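Oh and the sequence shown: position 88 is 93 in the working numbering, straight run, nothing missing.
The beta carbon of each residue, even a glycine, is placed where N, CA and C say it ideally should be.
These numbers come from a predicted model, not from an experiment.
The structure under discussion appears below in the form of structure tokens.
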Amino acid sequence: MRRDNVILVGFMGAGKSVCGRLLARRLGRCFVETDDIIVASEGRSIPEIFREAGEARFRQLEGDVVEALKLKSGEVIATGGGMPCRDGRMELLRELGTVVWLDGDLGELYARASRVGHRPMLEGRSMAEIEELYRSRQLSYRRAHITIDTTGIGADQVVARILSALREAHDIRA
Ligand code: S3P
6 MRRDNVILVG FMGAGKSVCG RLLARRLGRC FVETDDIIVA SEGRSIPEIF
56 REAGEARFRQ LEGDVVEALK LKSGEVIATG GGMPCRDGRM ELLRELGTVV
106 WLDGDLGELY ARASRVGHRP MLEGRSMAEI EELYRSRQLS YRRAHITIDT
156 TGIGADQVVA RILSALREAH DIRA
């Protein structure tokens, strides 16, 4: 069954949190972030989880969250940048609703991701390695129902584009 959630995916710095919150407000829906669910259930921050338990454990926790998301309907859900990039994850997310990929120029995404918050996946990685990570993840992101190019535009415009793409897809009445 396809539930009518709107699920935002994309690389770190794509604006999933900011745009997701705005989009939820515009649609009068609840907003949830998978990273927040993990932080709340673990009682520690994402950098702490990476440092104390390692990336593999964090990915496991993301898997648990995907299961928990199956209970949701009608919500706007922002995922962590690596969440959809595991075997079969995009298929699961696609069953939960309309998946929207926030893409953009990697230089812009990187600049934004480095400015806001602390991201363990960027730590100690060269730009070439980050490009490689982005490229490998594109294979998963591309499976989204809708792609929005965020290059050079602000969150309000991104949300306007998401809303019109959703309307066009006849998924929701916005
Ligand atoms: C990650 C992205 C982060 C967070 C964690 C791992 C990744 O979320 O889930 O640090 O692997 O890309 P954002 O995409 O919101 O930065």
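Residue i to residue j span [Cα, whole Å]
{"i": "Gln162", "j": "Leu66", "result": "33 Å"}
{"i": "Gly15", "j": "Glu137", "result": "15 Å"}
{"i": "Leu107", "j": "Glu57", "result": "30 Å"}
{"i": "Asp189", "j": "Gly93", "result": "The chain is shown from 6 up to 179; residue 189 falls before or after that span and cannot be answered."}
{"i": "Phe63", "j": "Phe55", "result": "7 Å"}
{"i": "Met95", "j": "Ala165", "result": "24 Å"}
{"i": "Val37", "j": "Tyr115", "result": "23 Å"}
{"i": "Val74", "j": "Asp40", "result": "It is Leu, not Val, that sits at residue 74 in the sequence shown. Near 12 Å, if we compare the C-alpha coordinates of Asp40 and Leu74."}
{"i": "Val105", "j": "Gly112", "result": "20 Å"}
{"i": "Ile43", "j": "Ser169", "result": "31 Å"}
{"i": "Gly25", "j": "Thr152", "result": "14 Å"}
{"i": "Arg123", "j": "Gly85", "result": "Just to set this straight, residue 123 is His in the shown sequence, not Arg. Cα-Cα distance, rounded: 13 Å."}
{"i": "Ala61", "j": "Gly68", "result": "11 Å"}
Contact set for residue i: own chain, Cβ-Cβ below 6 Å, skip 5 residues either direction
{"i": "Cys90", "result": "Arg142, Ser145"}
{"i": "Cys35", "result": "Glu80"}
{"i": "Arg8", "result": "Ser78, Leu101, Gly102"}
Simplified DSSP state of residue i, which is helix, strand or coil
{"i": "Phe103", "result": "In the sequence as displayed, the identity of residue 103 is Thr instead of Phe. In this structure, Thr103 counts as strand in the three-state DSSP scheme."}
{"i": "Arg178", "result": "Caution applies to Arg178, whose pLDDT of 48 falls short of 50 and renders its modelled position unreliable; the value that the coordinates give is listed next. Here Arg178 sits in coil by DSSP."}
{"i": "Asp9", "result": "coil"}
{"i": "Thr39", "result": "helix"}
{"i": "Val163", "result": "helix"}
{"i": "Asp154", "result": "strand"}
{"i": "Asp69", "result": "helix"}
Integer Cβ distance of residue i from residue j, believed to fall under 8 Å
{"i": "Ile12", "j": "Leu98", "result": "5 Å"}
{"i": "Ala118", "j": "Ser22", "result": "In fact, because the Cβ distance is near 11 Å, the residues do not count as touching under 8 Å."}
For residue i: DSSP bridge partner residues
{"i": "Val81", "result": "Val11, Phe36"}
{"i": "Asp108", "result": "Asp154"}
Neighbourhood of residue i by C-beta, 8 Å cutoff - its chain only, sequence neighbours within 5 removed
{"i": "Ala29", "result": "Cys35, Phe36, Glu80, Val81"}
{"i": "Asp154", "result": "Asp108, Gly109"}
Proximal residues to residue i (C-beta, below 7 Å), its chain only, five neighbours per side dropped
{"i": "Ala149", "result": "Val14, Val104, Val105, Trp106"}
{"i": "Thr156", "result": "Gly109, Asp110, Glu113"}
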